[in-house]
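J.:
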Amino acid sequence: MTNADKALQLLMEGNGRFVSGSARGPNRTITRARDVSRAQSPFAAVLGCSDSRESMDIIFDCGIGDLFVVRIAGNVVSDMVMGSLEFSVLKLGVSLIMVMGHTNCGAVQAAMDSGEVPGHMGSLMKEIEPCVNLCRRNPDITPDEVSRENVKNSVTRLRSAGPILEEKCMDGSLLIVGGIHDLYSGTVDLLIQ
Ligand SMILES: [Zn+2]
Numbered sequence: 061m062t063n064a065d066k067a068l069q070l071l072m073e074g075n076g077r078f079v080s081g082s083a084r085g086p087n088r089t090i091t092r093a094r095d096v097s098r099a100q101s102p103f104a105a106v107l108g109c110s111d112s113r114e115s116m117d118i119i120f121d122c123g124i125g126d127l128f129v130v131r132i133a134g135n136v137v138s139d140m141v142m143g144s145l146e147f148s149v150l151k152l153g154v155s156l157i158m159v160m161g162h163t164n165c166g167a168v169q170a171a172m173d174s175g176e177v178p179g180h181m182g183s184l185m186k187e188i189e190p191c192v193n194l195c196r197r198n199p200d201i202t203p204d205e206v207s208r209e210n211v212k213n214s215v216t217r218l219r220s221a222g223p224i225l226e227e228k229c230m231d232g233s234l235l236i237v238g239g240i241h242d243l244y245s246g247t248v249d250l251l252i253q
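Following my numbering, the numbering of the sequence shown begins with 61 at its first residue and continues without gaps.
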């Protein structure tokens, strides 16, 4: 089993504990905070939505120093997001990146509603738009289905992001997967492995 496989197993086991009500809340003491205060070695990176219900440490039953988390509305990939994830891989030795979308995503819904958006929100919507357009060919598409397409799109972009992430994926030292978090059940289902 590779490090990435082990990391994925840890994430899914943590989510299983959270969903079943048997979360342990590990690594959340001041002792742990002090232990990792000088150096960190998170076992996975997660790109998730800024949504107030997407608290990664809770959903995956992790604690301080366990996860490198990048959160942005709609879990889209921008240059800044890519740079942050590259940092986690190159400098912190992360071997697994999970892109995680979720049900009832307000950012995805806003992109589907179209029309003009104020301020800087337009650049965010533009990132989700390709998925919305793709899905518009199917008039019965639901926002949750668009969220899944959006996750797949982010995974594809990261996997082909040269030179760092693409190369690491090719040589087998990095795994990038996609998942969707159901806000009601708490379950994270893998979409792309
Ligand atoms: Zn969201």
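Every residue gets a Cβ at the ideal spot worked out from N, C-alpha and C, and that includes glycine.
Could you check how far apart the C-beta atoms of Val-159 and Asn-135 are, in whole angstroms? I think they sit under 8 Å.
T.: Contact holds; Cβ gap of about 6 Å.
J.: Taking Ala-105 as part of the beta strand (DSSP E), name the residues at either end of that continuous run.
T.: Per DSSP, Ala-105 belongs to the beta strand (DSSP E) from 104–108.
J.: Go to Asp-65, then tell me how far its beta strand (DSSP E) extends in each direction, as first and last residue.
T.: Not the beta strand (DSSP E): Asp-65 falls in the alpha helix (DSSP H), residues 63–80.
J.: Residues in its own chain within less than 8 Å of Phe-78 by CB, not counting five upstream and five downstream?
T.: If we look at Phe-78 and ignore the five residues flanking it on each side, its Cβ neighbours are Ile-118, Ile-119, Phe-120, Asp-121 and Gly-246.
J.: Could you give the distance in angstroms between the alpha-carbon of Ile-236 and the alpha-carbon of Ser-138?
T.: So the alpha carbons of these two residues sit roughly 16 Å apart.
J.: So which of Gly-108, Leu-127, Gly-153 and Met-61 has the shortest CA-CA distance to Arg-88?
T.: For the residues Gly-108, Leu-127, Gly-153 and Met-61, the minimum Cα distance to Arg-88 belongs to Leu-127.
J.: Would you list, in sequence order, the uninterrupted alpha helix (DSSP H) runs of no fewer than 4 residues that lie entirely inside the region 166–220?
T.: 166–173, 181–196 and 203–219, all fully within the region 166–220.
J.: If we count the other Cβ atoms within 10 Å of its Cβ and call it buried at 16 or more, is Ala-104 buried or exposed?
T.: Buried, by the Cβ-count rule.
J.: From Glu-114, Leu-184 and Arg-113, pick the residue whose C-alpha is nearest to that of Met-140; which is it?
T.: Considering only alpha carbons, the answer is Leu-184.
J.: Helix or strand or just coil, what does DSSP make of Gly-153?
T.: Coil.
J.: Short check: CB of Ala-64 to CB of Ser-214, under 8 Å?
T.: Not a contact, by the Cβ cut-off of 8 Å.
J.: In whole angstroms, what is the alpha-carbon distance linking Val-130 and Asp-173?
T.: Taking the straight line joining both Cα atoms gives about 25 Å.
J.: Going by the CB atoms, is the gap between Cys-195 and Glu-205 shorter than 8 Å?
T.: Closer than 8 Å, so yes.
J.: Can you tell me where the beta strand (DSSP E) holding Asp-111 begins and where it ends?
T.: Unbroken run through Asp-111: none, as it is neither H nor E.
J.: Could you tell me whether any non-hydrogen atom of ligand 1 is closer than 7 Å to the CB of Ala-133?
T.: The answer is yes for Ala-133.
J.: So the candidates are Gly-179, Glu-189, Leu-68 and Leu-225; which of them puts its Cα closest to the Cα of Val-168?
T.: Cα-wise, what sits closest to Val-168 is Glu-189.
J.: Is it true that the CB of Gly-232 sits closer than 8 Å to the CB of Leu-250?
T.: It is not a contact, given that the beta carbons lie outside the stated cut-off.
J.: Determine the burial state of Arg-208: buried for a count of at least 16 other Cβ atoms within 10 Å of its Cβ, exposed for fewer.
T.: Result: buried.
J.: Relative to the C-alpha of Pro-86, which residue among Gly-74, Ser-97 and Arg-94 is closest?
T.: Checked all of Gly-74, Ser-97 and Arg-94; the closest Cα to Pro-86 is Gly-74.
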